[in-house]
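Heads up: the sequence shown is residues 393 to 734, going by the working numbering.
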Amino acid sequence: MKKLLNFVLFLTLCAISMPVLTVGLAAEEEMPVFVQPEAFVSETVLTQPQIQHKPGFDEDTMVTLLCGGTIRELPLEEYLLGVLAAEMPAGFPEEALKAQAVAARTYTLYKMALYEEGQDTVHQGADLCDDPGHCEAFADLTTQAAALWGDSADIYRQRLQTAVKETDGLILVYEEQPIAAVFCAASTEKTESAKDIWGSDLPYLVSVESPGGRDCSRFEGTVTVAQTAFAAAVQAQFPDADFSEAPITWFRDSHRSEAGSVIDVLVGGVRLSGSQVRQIAGLNSANFTVKVQGGDLVFSTVGYGHGVGLSQYGARYLALDGQTYDQILSHYYPGTQLRLEG
Ligand SMILES: [Zn+2]
C-alpha cells in the first residue's frame, strides 16, 4: 500500500508541477532556434546509433486520448507527432527531437500502464489526456500545423516525422519497466532530482549536469504579484497562513536543492513546497527569490519548468555538440536502457 501511495503522490505532484512548452510557447520560441534540416543530415548519418529497428510499433499501437472534452482513438505514431509539435520547438536539432520522441513514447506507455491498473480518475476511460499538467500536451497537426508553423509547416512536420520514425518502438526502461520519463523546457546548470521536487526518490531522476538552459529565452523570469492577491491565493488553499505581519517577514526558513530550487519554505507560517509557491504565483520554476517592492511581491526565477529529467534546451545543446539521442537520454536518465517494443 505504501508503494501505491508513493506512486499516487508522485503522480499528483507531477500533475501540479509538470509545466512544459505549450503549443503557443513552442511556436513563439520557434523562429530564433530554427536550423535548416540539411545542416544535420551528415551529422545524423555519421553518428547514428547502431540499433536495429523493427518498424511498425508506433503505427500498430492505438491510444485513446481525451482531447477537448471528447475521446478519440489514434495510432501512437500520430499521437507522438502531436506531442512533439506541442512540446518541443520543431527547429531543434534532429538528435534532440529523437531524444524527445523516445522520452514522450516512454512516458506515454508509462502512463497507459498506470491507467490500465485502474488509477484513472480524470480521463473518462481514455488512456491519456492532452493536459500538459497531467499527461502531455498535444497538437492535432491536421488542423494546427499551419497555425503553428505557417509556411514552414511541411518542413517542420517532416522533421518531427523523421524523429518519430527513426526511433519507432524505442522506449527507456529501468529494471525492465518503462520509466517516468518526465522532461522540462530548461533546467539550470543542473537538473533537479525527483526526490527534491516531488519527494519521490527515483534512481533515474537524479540531478545531473545540464548545459544550455540559458539559451532558452525564458530562462530568467520575473513575476510581480500584489501582496493582497498573493496572500488571498495562499489562504484560499492554506487557511492557516497568517499575513498580518509586515510582508518582509512572510517568507522564512527556506530549503533549497543542490540545483537551486526551493524545496520548501515557510509562507505566512505555513510550510509550502517550492512547487506549491510556483503554482500559486504562476512562476516559471521553483528556483526563485522574492523581494518586497511597494505593495507588490517581485519573484525572480531561473530555469523554465520543474527541472527534472530531460532538459529540452540541454538536449539541444548536447545535440549541437555532436551527441546522439541515445547519449542524450542516458545522460538525463542515468541507469536506464533503450528497449525496442513490438
Ligand atoms: Zn492525463
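Virtual Cβ for every residue (Gly too), placed ideally from N, Cα, C.
Everything numeric in this text was worked out from a predicted model, so none of it was measured.
query, result
"One or two residues paired with Y696 in a DSSP bridge", "A578"
"Ligand 1 heavy atom lying under 7 Å from the CB of L520", "yes"
"V514 beta carbon near ligand 1 (any heavy atom closer than 7 Å)", "yes"
"G652 versus A538: straight-line alpha-carbon distance, rounded", "39 Å"
"Beta-carbon gap between I563 and V494 smaller than 8 Å", "yes"
"K503 burial status per 10 Å Cβ neighbour count (16 or more: buried)", "buried"
"Chain-order list of residues whose beta-carbon lies under 6 Å from that of Y499 (same chain, five-residue window excluded)", "A573"
"Rounded C-alpha distance that separates F402 from Q671", "Its pLDDT being 40, under 50, F402 is placed unreliably by the model, and the measurement read from it follows with that caveat. Computed Cα separation, rounded: 16 Å."
"Ordered list of alpha helix (DSSP H) runs contained in the region 561 to 633, each at least 4 residues", "586 to 590, 619 to 629"
"F449 in three-state terms, based on DSSP", "helix"
"For D718, three-class secondary structure by DSSP", "helix"
"Nearest candidate by alpha-carbon position, reference V598, set R610, S585, V684", "S585"
"Closer than 7 Å: H526 CB and nearest ligand 1 heavy atom", "yes"
"Buried versus exposed, by CB contacts within 10 Å (16 or more), P726", "exposed"
"D377: CB within 7 Å of a non-hydrogen atom of ligand 1", "Residue 377 lies beyond the stretch modelled for the chain, which goes from 393 to 734, so this question has no answer here."
"Exposure of K389, with buried meaning 16 or more beta-carbon neighbours within 10 Å", "In the structure displayed, the chain extends from 393 to 734; residue 389 sits before or after that span and is not available."
"P481 in three-state terms, based on DSSP", "coil"
"Three-way DSSP call (helix, strand, coil) for V514 in this model", "coil"
"Inter-residue spacing [alpha-carbon to alpha-carbon] between P595 and P481", "29 Å"
"Enclosing beta strand (DSSP E) for E487 [first to last residue]", "Counting along the chain, E487 falls outside any beta strand (DSSP E), though it belongs to the alpha helix (DSSP H) covering 486 to 506."
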